[in-house]
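Residues 65 to 345 (the numbering used here) make up the sequence shown, in order.
Worksheet: the structure to be examined is printed underneath.
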Amino acid sequence: MSKKVIVALSGGVDSSVSALILKKQGYHVIGIFMKNWHDESVTISNECPWLEDSNDALIVSEKLGIPFQVIDLSKEYKKRIVDYMFREYKEGRTPNPDILCNKEIKFDVFLSKAESLGADYIATGHYCRKKESKKGNKKIYKLIEGKDKTKDQSYFLCQLNQIQLSKVLFPIGDMKKTDVRKIAKENGLITANKKDSQGLCFVGKIKLPKFLQQKLKIKRGKIIKVAPDEKIFKKVLKNVKDENYLKKSVQKYKYSESSGEMIGYHDGAHFFTIGQRKGLQ
């Protein structure tokens, strides 16, 4: 009897080809799409709309002749991912929801759902691989980078434990992205030329300020531009013992409105974080 694999179909080319490969390898394949989001008021409509993605996943499943269903994990996603994001932004830190989404949603909630359906494995379209070795009678799994180094996603799976790794297959880990698209095209998959998603894990791009304002209140303040040659930056460390030098040299600068020129207003410091990719406007 063939092993049962449930593929996390996102409606993209990578998971589509993953399902195709497993079907050709003789696995009993089932496709499942995770609906993680309900609030479309904060999503960018043309970026990874869930309805379009789920339809593409359905069409791919029909093309491959595999069962398909949609499961709603929005409650779990809000509790484990969205609330975490609010907490991190409130503390002025840039969160990485994709790493947590993989650990808490795909490889926990989704894995549990798959096992309840009798699955031996789950599979995803990640560009990464796993290596199996033995320590005595115990199997050890190592997560390693994908063959396509420009698309490697092993970083986003860095928090997976041994149990989770033992239950997952990465069918395209040994492939280049160009080859994945080629296979999709040769097999007539609707996702062959679909643009890669750049937004939240199984959600898409969101309007971040509007998203954050659901929980974080606006607190207007002034934006002060401080010149790089301002005297507060010129630290003079005199009579500091060697053991205290590092501690003294990294102390925070003490700013005030008189330190520079006011150039505008902001809606709250919690809407900006160290590490954010988007520049100030």
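Cβ atoms here follow ideal geometry from the backbone N, Cα and C, with glycine treated the same way.
Alpha carbon to alpha carbon, how far is K289 from S125? Give it in angstroms, no decimals.
The alpha-carbon atoms of S125 and K289 are separated by roughly 55 Å.
Q. Is the segment 133–149 touching the segment 190–204 in the sense that three or more CB pairs, one from each, lie closer than 8 Å?
A. Remark: fewer than three beta-carbon pairs, one from each stretch, lie closer than 8 Å, so the segment 190–204 and the segment 133–149 are not flagged as touching.
Can you give me the C-alpha to C-alpha distance between R193 and F336, rounded to a whole angstrom? Spanning the two alpha carbons is a distance of roughly 35 Å.
Between the beta-carbon of K211 and the beta-carbon of D172, is there less than 8 Å?
No, these two residues do not count as a Cβ contact at 8 Å.
| Delimiting residues of the beta strand (DSSP E) encompassing I327 | For I327, the enclosing beta strand (DSSP E) has its first and last residue at E325 to H330.
Exercise. So, helix, strand or coil for F266, using DSSP?
Worked result: Residue placement at F266 is flagged as unreliable, the pLDDT there being 46, under the threshold of 50; the coordinate-derived value follows with that caveat. F266 falls in the coil class under three-state DSSP.
Taking 8 Å as the threshold (C-beta atoms), are R284 and Y219 in contact? For Y219 and R284, no; Cβs fall outside 8 Å.
**Report entry** Reference K213; option with closest CA among W101, H190 and I130
**Finding:** Checking every option, the nearest Cα to that of K213 belongs to H190.
- When burial is assigned at 16 or more other CB atoms within 10 Å of the CB, is M65 buried or exposed? Exposed, since its Cβ has fewer than 16 Cβ neighbours within 10 Å.
_Could you compute how far the alpha carbon of E155 sits from the alpha carbon of S197?_
Those two C-alpha atoms are separated by around 41 Å.
What would DSSP say about E209, mapped onto helix, strand or coil? E209 sits in a strand when the DSSP states are folded into three classes.
Minimum C-alpha distance to A291 - residue among V77, I327, V314 and K311: Closest by alpha carbon: I327.
*Three-state secondary structure (DSSP) of D78*: Shown here, D78 sits in a helix according to DSSP, grouped into three states.
Same chain, Cβ closer than 7 Å to I346, five either side skipped, listed in chain order
Since the displayed the chain opens at 65 and closes at 345, residue 346 lies outside it and no answer follows.
Just the Cα atoms here: how many angstroms apart are L224 and K167?
-> Approximately 6 Å, taken between the alpha carbons.
Worksheet entry | Helix, strand or coil at Y319 [DSSP, three-state] | Three-state DSSP puts Y319 in coil, outside helix and strand.
**Q.** 8 Å CB neighbourhood of L276 in its chain, flanking five on each side removed
**A.** Taking L276 as the centre and dropping the five residues before and after it, the same chain places the C-beta of F150, Y153, H334 and F335 closer than 8 Å to its C-beta, in chain order.
Item to check | Own chain partners of F97 with C-beta closer than 6 Å, once the 5 adjacent residues on each side are dropped | outcome: Annotation for F97: L73, S118, A121 and V134 place their beta carbon closer than 6 Å to its own, counting only its chain and skipping 5 residues before and after.
query = Which residues in the same chain have their Cβ closer than 6 Å to the Cβ of K188, if we skip the five residues on either side of it in sequence?
reply = The sequence given here has Thr at residue 188, not Lys. The beta carbon of T188 sits closer than 6 Å to the beta carbons of A72 from its chain, once the five residues preceding and following it are set aside; these are given in chain order.
CB contact flag (L233, V69, <8 Å): At a Cβ-Cβ threshold of 8 Å, L233 and V69 count as neighbours.
Who pairs with K202 in a beta bridge, going by DSSP? DSSP output for K202 lists K199 as bridge partner(s).
Quick check on F132: buried or exposed, where buried means 16 or more other Cβ atoms within 10 Å of its Cβ? Its Cβ being crowded by 16 or more others within 10 Å, F132 is buried.
task = Taking all protein chains shown into account, decide if D78 is buried (16 or more other Cβ within 10 angstroms of its Cβ) or exposed.
result = Around the CB of D78, 16 or more other CB atoms lie within 10 Å, so the residue is classed as buried.
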